[in-house]
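In the numbering used here, the protein residues as written are 3 to 420. Ideal Cβ placement from N, Cα and C applies to all residues, glycine included. Since we're looking at a predicted model, the values are computed, not measured. Just below is one structure, and these are the notes that go with it.
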Amino acid sequence: MKTRAVILAGGEGSRLGTLTVKRTKPAVPFAGKYRMIDFTLSNCVNSGVFDVMILAQYRPHSLIEHIGTGGPWDLNRDWTGGVRIFTPYKARGSSDWYLGTADAVQQNFRFIKQNNPDQVLILSGDHIYEMNYDTLIDFHLENKAGLTMATIAVPLLEASRFGVVGVGTDQRVTSFIEKPSHPTSNLINMGVYLFNFETLNRALWADHQRHESSHDFGKDILPWLIKEGERVFAFPYTGYWVDVGTVESYWQAHMDQLEDKPPFDLNDRKWIIHTRSEERPPVWIARGANIVDSMITDGCEIANGVLVERSILSPGVIVRQGARIIESIILTDTEIGPNAVVERAIIDKRVLIGENAHIGGITPDLKITMIGKNSEVPLGYIVEPGAVIATDVTGSDYSSKTIRGDEYIQTKRLAYEI
């Protein structure tokens with residue numbers, strides 16, 4: 003059986019704030035050295051699926067640069083599949099910006115059907131999880147399913163954020179409601195779909211003809227297939243899975259990795275998460291620095307008297323003497339000045355935190371402070387918990403040395419000057 007994977011990677015991810023101002027959500031860095039899409043791509047190749055299409059749309063440049071020809075995932079191949087990236091295009095007919103997840107697949111269907119795949123595995127590029135798709139495929143074939151969807155149980159209070167699935171005793175799906183206000187089940191849709199080719203073809207064409215449709219798998223395709231009596235089955239997944247859709251879930255997923263026994267083992271030699279990483283020198287840690295329950299990536303420099311506690315430092319982060327970093331995520335090539343304090347913050351790439359600055363704080367209601375890419379916080383400034391500094395902000399953009407927790411500071415320069 004020939005399986006082709008289609009990864010949906012066009013999401014704007016606006017709920018991730020400054021992290022997705024200049025990059026698509028699947029290209030957001032994760033756990034120091036990875037990008038979110040690395041987990042889905044690695045699941046594919048570790049499961050023996052080497053025929054992969056990526057559908058991109060919003061700000062795809064960093065994603066395209068990261069994927070390249072697919073070498074780190076052993077996907078730089080033409081004769082047996084490999085990886086290809088597709089973006090929206092204008093043409094005669096209906097080609098245009100993708101209207102929804104199903105529309106993205108529909109617009110690229112002539113490429114998807116090339117070489118006649120038997121099955122199409124449709125995946126999201128922004129979930130953190132480990133899944134052997136071989137097991138999913140076996141389940142699909144055993145049940146003679148037209149569609150198999152991966153499902154996971156979550157706390158009932160969280161179920162309204164997802165599509166809620168009803169199943170019978172044989173795991174056949176009996177109902178599906180996208181983000182119900184009052185869910186009656188805690189079994190939710192993971193956004194992992196295995197279609198028979200003909201089932202997908204028929205569902206997409208029917209959806210394309212329904213002008214009232216939002217052309218989305220969760221809102222339209224799944225309910226229609228169930229109503230039509232298609233053999234739709236729920237594959238029960240019990241491992242770690244997180245849809246990193248908000249600042250809080252992004253922060254929490256990192257904190258999960260700092261537990262004594264993390265729910266997702268990045269050091270599992272049997273299931274390597276592949277990525278593209280540039281060469282960096284080894285980490286340099288000075289005598290007197292104190293590193294506690296943290297992840298430090300290649301190229302970091304940590305000076306004397308520094309405390310790094312329950313934090314993740316991405317490649318090339320420099321932490322000057324006496325600085326403190328607590329429960330924070332610091333992205334590539336950021337510099338933390340002498341005696342600065344960073345607490346419960348997410349700081350994007352190439353940010354400069356000045357000497358004695360204080361960023362964020364530990365609050366009972368989990369207020370996370372964010373500093374956007376290429377910005378700076380001058381010497382001695384205080385950025386209170388929950389405040390947001392946008393991308394490309396410089397010292398001249400501040401009107402006060404104290405930024406309140408409800409403030410959003412952005413650059414005063416015109417966009418074309420950046």
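The continuous stretches of alpha helix (DSSP H) do not include F219, and DSSP gives it neither H nor E. At a Cβ-Cβ threshold of 7 angstroms, G339 and P317 do not count as neighbours. Here P387 is near G362, since their CB atoms are less than 7 angstroms apart.
Checking the DSSP bridge columns, you'll see I139 has no partner listed. For S126 and E261, the gap between their C-alpha atoms comes out near 26 angstroms. In this structure, I405 lies near V385, with their beta-carbon atoms less than 7 angstroms apart. When C-alpha distances from R271 are compared across Q121, G397, S44, G34, the shortest belongs to S44.
Around the Cβ of I320, a 10 Å sphere holds 16 or more other Cβ atoms; the residue is buried.
Here the alpha carbon of P31 sits roughly 13 angstroms from the alpha carbon of D335. For Y131, the enclosing beta strand (DSSP E) stretches over residues 129-131. Where D258 is concerned, the enclosing alpha helix (DSSP H) starts and stops at 249-258. Taking all protein chains in view, the Cβ of L159 is surrounded by fewer than 16 other Cβ atoms within 10 Å, so the residue is classified as exposed. Taking the Cα of T22 as reference, the smallest distance to any Cα among E378, N48, L143, Q59 is reached at Q59.
Close CB contacts of G34 within its chain, under the 8 angstroms cut and outside five residues either way in sequence, are with M297, I298, T299, I314, L315, S316, P317 (chain order). In the displayed model, W273 falls within coil according to three-state DSSP, outside both helix and strand. For W243, there is no enclosing alpha helix (DSSP H); the enclosing beta strand (DSSP E) covers residues 243-245. Membership of V47 in the alpha helix (DSSP H) is indicated by the continuous run 39-48. Cβ-Cβ separation between T150 and F235: approximately 5 angstroms, consistent with a contact (criterion under 8 angstroms). Here W75 has L43, V47, H276 as same chain residues with Cβ atoms under 6 angstroms from its own Cβ, once five neighbours each way along the sequence are excluded.
I56 is not a Cβ neighbour of I124, given a cutoff of 7 angstroms. The DSSP assignment places 309-311 as complete runs of the beta strand (DSSP E) inside the segment 293-321, in order along the chain (cut-off: 3 residues). Excluding its 5 nearest sequence neighbours in each direction, G19 has C-beta neighbours in its own chain below 7 angstroms: V249, M372, V390, listed in chain order. When only Cα atoms are considered, E67 and T26 end up about 12 angstroms apart. Leaving aside the five residues that flank S251 on each side, the residues in its chain whose CB is nearer than 8 angstroms to its CB run, in chain order, V244, D245. Segment contact: the segment 106-123 against the segment 189-203, three or more CB-CB distances shorter than 8 angstroms; contact assigned. Judged by DSSP secondary structure, S126 falls within the beta strand (DSSP E) whose first and last residues are 121-126. Following the DSSP letters along the chain, one finds H360 inside the beta strand (DSSP E) bounded by residues 360-362. The DSSP-derived three-state label of E386 is coil.
Straight across, the Cα-Cα distance linking E280 with R233 is about 46 angstroms. For D394, the secondary structure class from DSSP, reduced to helix, strand or coil, is coil. As the crow flies, the alpha-carbon of A205 is around 14 angstroms from that of G102.
Here F237 is not near A104, since their CB atoms are 7 angstroms or more apart. With a 10 Å radius around the Cβ and a threshold of 16 neighbouring Cβ atoms, I364 comes out exposed. The beta carbons of G407 and A392 sit no closer together than 7 angstroms.
For I154, the enclosing beta strand (DSSP E) has its first and last residue at 149-155. By DSSP's assignment, W286 forms a beta bridge with E303.
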